[in-house]
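Have a look at the structure below before the remarks.
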Amino acid sequence: MRLRPDFFKRTTTTVARELIGKYLVRRIGRRTVAAMITETEAYHGPCDRASHASRGKTARTQIMFGPPGSWYVYFVYGMHHCANVVTGPEGFPAAVLIRAVDMPSSHGPARLCKALRIDRQLNGLPSRNAHIWIEDRGVHIPRTHILCGPRIGVAYAGAWASKPWRFTLAVQSATLRHIGRSKFRKKRRR
DNA sequence: CGCGGGATTGACT
DNA sequence: GTCAATCCCGCGT
């Protein structure tokens, strides 16, 4: 089922952790492409020096101050896009960057945007819309299979650079499918 | 209005 | 490991 705004309204790090194992779904023409989210980062609040919102509300960052669940897509390095979902209560600037999904050639925030045709046309849209959304498909990731560590590419952010706000799936998707199957078999036998 | 730098990637040494 | 690509943003003037 598609995630509702209430899912995103919670603490950014909680949302970032719980997005691991959810599915990013994108309509491309007549096709619908879905891929499991495997890596995220939390950008939390006006004091987080790694966050775009640390410079206050601007034309670009106003999305982060808006309602939870909105898509925040920005252009960076003159050639790349990055996809985020706004988190926390309205007025509190925060978002989760989707850094990787389980798809060939889509590891990395810019590569997944390229693979799923995500660009600034989607910026500001509500999380659930006709073109892109996030689904819970009932995949349970044990907490021990999610690693956290410092965020990437934010060395300029001083003490905020070392916050363990990056979440990664610790096992390969093939392993995950295997675990899922064995659990399924156990259940069926009982 | 000019300038410095970026929540990245891929190519090359 | 280093570095270029290349546009937009945010800030200082």
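Going left to right, the first sequence walks through residues 288 to 477 as our numbering numbers them.
Positions of the beta carbon are idealized from the N, C-alpha and C atoms, including for glycine.
Own chain partners of residue i with C-beta closer than 6 Å, once the 5 adjacent residues on each side are dropped
i, result
"SER393", "LEU399 and ALA402"
"THR348", "HIS339 and ALA340"
"ARG314", "HIS418"
First through last residue of the beta strand (DSSP E) which encompasses residue i
i, result
"LEU384", "381-388"
"ARG453", "453-456"
Where residue i falls: helix, strand or coil (DSSP)
i, result
"VAL363", "strand"
"LEU290", "coil"
According to DSSP, residues forming a beta bridge with residue i
i, result
"TYR310", "MET323 and GLU422"
"VAL441", "Its beta-bridge partners do not exist; DSSP assigns none."
"ASN371", "TYR359 and LEU384"
"HIS331", "ALA381"
"LEU434", "THR455"
"ARG318", "ILE315"
Any non-hydrogen atom of the ligand GTP within 8 Å of residue i CB
i, result
"GLY316", "This structure simply doesn't include the ligand GTP, nor any ligand for that matter."
N-terminal and C-terminal residue of the alpha helix (DSSP H) that residue i is part of
i, result
"LEU399", "396-402"
C-alpha distance - residue i paired with residue j, whole-angstrom precision
i, j, result
"ILE439", "ARG336", "13 Å"
"ILE428", "VAL388", "15 Å"
"THR299", "ARG317", "33 Å"
"GLY353", "TYR359", "10 Å"
"GLY445", "CYS334", "12 Å"
"HIS368", "PHE454", "20 Å"
"ILE421", "GLY436", "24 Å"
Same chain, Cβ closer than 8 Å to residue i, neighbours up to 5 away in sequence not counted
i, result
"LEU290", "LYS309, GLY356, SER414, ARG415, TRP420, ILE421, GLU422 and ASP423"
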